[in-house]
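Protein chains: 2
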Amino acid sequence: MNTAAVLCIGTELTRGEIINTNGPWLAARLTELGFEVRAVDVVDDDPERILGALRRLGAAHGVLVCSGGLGPTSDDLTTEVVARALGVAVVRHEPSLESMRRRYEKAGREVSASSLRQVEIPEGAEALPNPVGIAPGYSAALGSCFLVVLPGVPREVEGLWAEEVAPRLRSRVERRSFQIRLRTFGLPESIVGERLQGLEQAHPSLTLGYRATLPEVEVKVLVRGGDERSSREQAHLVADEVRARLGDAVYGEEDDTFPEVVARCIRERGWRLALAESCTGGLVAHLLTSAPVSDFFIASAVTYANSAKTRLLGVNEDVLRGHGAVSHEVAAAMAEGVRRVCNVEVALALTGIAGPTGGTPEKPVGLVHWAVAFPGGTVVEQRVFPGDRRQIQRMAAFAGLALLRRICLDEARHTPAAPRVV
Amino acid sequence: MNTAAVLCIGTELTRGEIINTNGPWLAARLTELGFEVRAVDVVDDDPERILGALRRLGAAHGVLVCSGGLGPTSDDLTTEVVARALGVAVVRHEPSLESMRRRYEKAGREVSASSLRQVEIPEGAEALPNPVGIAPGYSAALGSCFLVVLPGVPREVEGLWAEEVAPRLRSRVERRSFQIRLRTFGLPESIVGERLQGLEQAHPSLTLGYRATLPEVEVKVLVRGGDERSSREQAHLVADEVRARLGDAVYGEEDDTFPEVVARCIRERGWRLALAESCTGGLVAHLLTSAPVSDFFIASAVTYANSAKTRLLGVNEDVLRGHGAVSHEVAAAMAEGVRRVCNVEVALALTGIAGPTGGTPEKPVGLVHWAVAFPGGTVVEQRVFPGDRRQIQRMAAFAGLALLRRICLDEARHTPAAPRVV
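In order, the protein sequences belong to chains P and U. Numbering follows numbering that gives the first Met the number 0, in which position 352 of the first sequence is assigned residue number 351; successive positions increment by one, without gaps. Numbering follows numbering that gives the first Met the number 0, in which position 132 of the second sequence is assigned residue number 131; successive positions increment by one, without gaps.
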């Protein structure tokens with residue numbers, strides 16, 4: 000049976016206190032593998048109802064992936080209930096206990112009685128070592144259903160999926176579809192959709208999917224039918240066409256992130272980078288340093304107050320007074336200042352009004368100026384971003400990174416970016 | 000029966016193509032009204048499986064709210080299936096047809112045959128006029144279950160809920176529960192659980208819930224049974240006991256965030272703040288500037304490279320060479336340096352090894368030193384955090400903020416923090 004179901008366990012989910020991201024994430028991964036997912040259910044921390052859901056979904060589907068309820072506290076009941084469904088006892092998984100001991104030792108903590116519950120699994124189940132956290136996942140045969148049980152922490156779900164679950168499930172499905180995810184930034188979802196019009200009509204076995212996660216838009220190219228090879232070939236053909244239609248807006252594939260792609264561009268130029276941030280408050284630095292970047296990233300001066308712009312970056316007080324902190328002139332002076340102070344080749348600066356207050360008719364909330372200073376000069380751009388504080392900060396950070404990327408790409412193509420020196 | 004379930008219908012949900020936001024949203028609203036939500040299920044656009052889910056959830060719950068599948072396209076099957084479950088025919092709802100006609104006329108569109116499907120409801124059901132879109136919702140008695148069917152567009156769900164659904168459901172629930180969410184930082188989930196042992200035994204109507212979202216642990220105090228007033232009183236009693244057992248680890252309630260609470264502490268002291276970040280790469284500044292903080296936050300110098308520590312903060316090159324960048328001495332020099340350069344009362348600095356590479360036997364990945372320089376002196380702390388780069392950065396950022404908070408609280412209590420001046 001190529002059908003699958005997902006069961007997420009937790010009263011915080013049935014009470015709507017947190018959004019269930021594991022459910023759709025697991026459903027999407029199962030779909031990618033070629034399963035037909037027919038149910039994504041959530042049940043609260045009640046043993047009878049968990050048992051009922053396990054039996055119902057296990058009887059109807061070839062694969063059932065459960066998530067949640069493997070923690071140390073009294074409301075974590077999943078393993079107990081799964082053992083009942085399987086008709087076996089609960090046993091301690093010694094290798095996981097050992098790795099928990101080592102982990103705790105490193106942190107100077109004792110293994111408490113309650114934490115022992117996390118390393119228990121149903122007797123006879125195959126343990127799936129957790130590469131990220133403590134509680135192991137496990138798999139077992141629930142009647143004719145292949146049951147996989149995972150913790151509830153999304154990062155642990157993702158780590159276990161990649162290392163332990165996906166390889167086991169891949170062999171259980173007859174793969175007939177192929178999917179390529181293209182990552183884009185810079186075009187709104189409606190424009191992306193318009194530019195790709197007609198593709199589905201031209202390729203009957205193609206389904207295009209769109210997913211907007213501010214400020215990006217992901218395009219999913221899914222080809223079904225035929226065998227895996229023909230699906231893959233057609234998916235690559237379509238992906239090339241998508242790239243041609245969307246141009247530089249397509250920055251990567253699959254799990255690429257925009258900051259990583261920009262980091263790669265800067266590395267390829269052999270430049271060192273410094274930042275000066277005001278309205279983004281350190282977000283650009285945080286996005287870049289999510290991966291190791293000490294080979295080229297020198298510093299970010301998050302100069303929130305005007306006094307800091309002057310003291311740390313040497314921005315002239317007259318320029319601040321004359322044009323205001325949110326201006327072309329100050330963005331350029333911040334970029335050039337941090338480039339000089341840190342002695343680097345390229346610098347990005349951002350200054351703006353993230354809100355919710357502080358806007359005026361001339362300078363509304365959402366107005367951001369950003370500048371890149373590099374060996375070819377200084378380029379300044381501006382925009383009024385819509386949305387709330389968080390959205391404005393995120394859009395501005397991505398826009399600044401996009402300018403960095405464009406300048407790197409232009410340099411690589413020997414087409415200097417027509418610097419507008421302020 | 001005070002129990003409720005939510006059923007979301009759509010293959011785009013079982014395939015994980017979009018995140019199911021209606022499910023948790025409806026669950027949260029039902030919970031607020033006082034229902035005990037026991038299931039939030041998703042089923043694909045298959046009439047037999049929709050029928051099965053309706054019958055199963057309708058038989059087990061007092062209220063069932065469905066969402067999705069009321070649109071004009073061939074995969075919108077909900078009303079057809081609900082009518083089968085009720086054993087009635089499908090009829091056109093004339094007032095909704097009229098309002099659709101008016102709407103389309105205004106937009107210069109014709110009412111097509113397929114759009115007629117949107118204004119059909121099961122015979123005998125009570126139509127719920129849609130204040131936002133075209134398809135009406137409806138309610139009906141499915142056996143002893145009060146069934147509500149809504150469209151899938153989140154804005155329409157929200158509009159219908161507020162105007163039509165909530166008023167009808169409010170009279171159907173006897174409110175008997177009360178919940179307080181306490182937010183904690185600084186103790187691992189297993190320790191929190193241990194310290195609260197015995198509370199549930201002492202209060203039979205109490206359910207404690209735990210939710211770990213790195214690096215925080217939320218404790219939910221839920222009291223059920225009795226009337227609302229007695230539940231509220233008991234919940235507050237228990238919350239006080241939880242606070243007493245967990246001490247300063249409890250930093251707030253409900254939707255408080257740790258950075259906001261720390262910001263409040265600094266504000267209350269009347270201090271201005273500057274940061275110097277190395278391994279956290281701007282994360283502390285980003286966390287703080289998620290809310291407006293320009294009244295006290297001056298700058299963060301994200302000095303990633305050693306050269307930046309010297310150039311921006313004046314950290315002595317000999318100290319860097321002698322002790323290494325990841326040391327008590329450099330953390331203290333960074334804090335004191337940024338305090339001086341930015342001319343502020345209090346400064347926090349962090350330096351460490353976020354990994355995945357760069358560790359040595361003496362200075363392993365995860366080692367972080369952080370320092371707070373304030374009018375009373377300079378306090379330095381250190382720890383080896385477990386986990387990957389992202390976790391280490393997050394734990395370090397919170398640990399630094401926690402030291403800031405403790406120093407503010409100690410100052411407020413006139414018990415100086417026994418500064419360890421380096």
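Using N, Cα and C, we set each Cβ at its ideal position, and we do this for glycine too. All values derive from a computational prediction rather than experimental measurement.
N-terminal and C-terminal residue of the alpha helix (DSSP H) that Thr279/P is part of: Taken as a continuous stretch (DSSP letters only), Thr279/P belongs to no alpha helix (DSSP H), as it is neither H nor E.
Have a look at Ser204/P and Gly151/P and give me their C-alpha separation to the nearest angstrom. The straight-line gap separating the alpha-carbon atoms of Ser204/P and Gly151/P is approximately 35 Å.
Along the chain, where does the beta strand (DSSP E) containing Tyr137/P start, and where does it finish? Annotation for Tyr137/P: the continuous beta strand (DSSP E) segment containing it runs Gly136 to Leu141.
Counting only the same chain and skipping the five closest in sequence on each side, list residues whose C-beta sits under 7 Å from that of Val421/P. Because the pLDDT at Val421/P is just 46, under 50, the model does not fix this residue reliably, and the value given afterwards should be weighed accordingly. Residues of the same chain with a CB within less than 7 Å of the CB of Val421/P, apart from the 5 flanking positions on each side, are His327, Glu328, Ala331, Thr377 and Val379 in chain order.
How do the region 8 to 15 of chain P and the region 31 to 45 of chain P stand: do at least 3 beta-carbon pairs fall below 8 Å, yes or no? Yes, since at least three Cβ pairs between the region 8 to 15 of chain P and the region 31 to 45 of chain P fall closer than 8 Å, the two stretches touch.
With 9 Å as the limit, tell me which residues of the region 306 to 317 of chain U have their beta carbon closer than that to any beta carbon of chain P; keep them in chain order. Answer in chain order: Ser306, Ala307, Lys308, Arg310 and Leu311.
Verify the CB distance criterion: does Ala1/U have a CB-CB separation below 8 Å to chain P? A small fix is needed here, since residue 1/U is Asn in this sequence, not Ala. No, because no Cβ of chain P sits closer than 8 Å to the Cβ of Asn1/U.
What does DSSP give as the partner residue(s) for Glu125/U in the beta ladder? Per DSSP, Ser138/U.
Residues that DSSP places opposite Arg210/P in a beta bridge: In the DSSP output, where bridge partners are listed per residue, Arg210/P has Glu217/P.
Other residues of its chain near Gly313/P: CB distance less than 6 Å, five sequence neighbours each side excluded: Counting only residues of its own chain and dropping the five nearest sequence neighbours on each side, Gly313/P has a CB closer than 6 Å to the CB of Gly336.
Listing by chain order, which chain P residues have their CB less than 7 Å from the CB of Thr13/U? Within 7 Å Cβ-Cβ: Ala26, Val36, Arg37, Ala38 and Val39.
State the beta-bridge partners of Thr350/P as determined by DSSP. Thr350/P pairs with His368/P.
Quick one: list the residues of chain U neighbouring His285/P, beta-carbon separation under 7 Å, in chain order. Ordered by position in chain U, the residues that pass the 7 Å Cβ test against His285/P are Gly280, Gly281, Leu282 and His285.
What are the uninterrupted segments assigned as alpha helix (DSSP H) that are 4 or more residues long and contained completely in the region 152 to 211 of chain P, given in chain order? Given a length threshold of 4 residues, each whole run of the alpha helix (DSSP H) inside the region 152 to 211 of chain P is given here in chain order: 153 to 159, 165 to 169, 188 to 194 and 198 to 201.
Assuming Gly67/P is part of the beta strand (DSSP E), what are its boundary residues? Unbroken run through Gly67/P: none, as it is neither H nor E.
Return the residues of the region 55 to 82 of chain P that lie within a Cβ-Cβ distance of less than 8 Å from chain U, sorted by chain order. Under the 8 Å Cβ criterion, the region 55 to 82 of chain P contributes Arg55, Gly70, Pro71, Thr72, Ser73 and Asp74.
Should the region 136 to 147 of chain P be called in touch with the region 185 to 199 of chain P, which here means at least 3 C-beta pairs below 8 Å? Cβ pair count under 8 Å is below three, so no.
On the three-state DSSP scale, how would you describe Val343/U? In this structure, Val343/U counts as coil in the three-state DSSP scheme.
Between Arg404/U, Pro385/U and Ile391/U, which lies nearest to Lys105/P when the distance is taken from Cα to Cα? Looking only at Arg404/U, Pro385/U and Ile391/U, the smallest Cα-Cα distance to Lys105/P is reached by Pro385/U.
State whether the region 358 to 366 of chain P contacts the region 232 to 239 of chain P, with contact taken as three or more CB pairs (one from each stretch) at a distance under 8 Å. The region 358 to 366 of chain P and the region 232 to 239 of chain P do not touch, with fewer than 3 CB-CB distances between them shorter than 8 Å.
State whether the region 64 to 74 of chain U contacts the region 107 to 123 of chain U, with contact taken as three or more CB pairs (one from each stretch) at a distance under 8 Å. Output reads yes: the region 107 to 123 of chain U touches the region 64 to 74 of chain U.
In chain order, what residues of the same chain have a beta carbon less than 6 Å from the beta carbon of Val222/P, not counting five sequence neighbours either side? For Val222/P, where only same-chain residues beyond five positions count, the Cβ hits under 6 Å are Phe177, Ser204, Leu205, Ser230, Gln233 and Ala234.
Return no unless some Cβ of chain U is closer than 8 Å to the Cβ of Arg180/P. Not an interface residue.
Identity of the residues DSSP links to Leu6/U by a beta bridge: Under DSSP, Leu6/U takes part in a beta bridge, and its partners are Asp40/U and Cys65/U.
Is it a yes or a no for the region 77 to 95 of chain U touching the region 118 to 135 of chain U, going by three-plus beta-carbon pairs under 8 Å? With a cut-off of 8 Å, the region 118 to 135 of chain U and the region 77 to 95 of chain U count as touching, because enough Cβ pairs lie within range.
Inter-residue spacing [alpha-carbon to alpha-carbon] between Arg382/U and Gly399/U: Spanning the alpha carbons of Arg382/U and Gly399/U requires a straight line of approximately 11 Å.
Please list the terminal residues of the continuous alpha helix (DSSP H) segment that includes Ala88/U. Element bounds for Ala88/U: n/a, residue is neither H nor E.
Using a C-beta to C-beta distance shorter than 7 Å, which residues of chain U count as neighbours of Phe257/P? Within chain U, no residue comes near Phe257/P; the closest Cβ sits about 16 Å away, beyond 7 Å.
If the cut-off is 9 Å on Cβ atoms, which residues from the region 373 to 390 of chain U count as contacting chain P, listed in chain order? Of all residues in the region 373 to 390 of chain U, Arg382, Val383, Phe384, Pro385, Gly386, Asp387, Arg388, Arg389 and Gln390 have a Cβ within less than 9 Å of some Cβ in chain P.
For Ile352/P and chain U, any beta-carbon pair shorter than 8 Å? Closer than 8 Å: no.
Check the DSSP bridge columns for Val301/P and list the partner residues they point to. For Val301/P, DSSP records a beta bridge to Glu276/P and Ser299/U.
Could you tell me whether the Cβ of Glu16/U comes closer than 8 Å to any Cβ of chain P? True, the Cβ-Cβ gap to chain P drops below 8 Å.
Euclidean distance between Cα positions of Gly246/P and Arg194/P: Computed Cα separation, rounded: 11 Å.
Ile49/U by DSSP, collapsed to three states: which one? Ile49/U sits in a helix when the DSSP states are folded into three classes.
So, helix, strand or coil for Val80/P, using DSSP? Val80/P falls in the helix class under three-state DSSP.
Taking the beta carbon of Asn129/U as the centre, do at least 16 other beta carbons fall within 10 Å, making it buried, or is it exposed? Under a 10 Å Cβ-count criterion, Asn129/U is classified as buried, with 16 or more other Cβ atoms of the shown protein chains found around its own Cβ.
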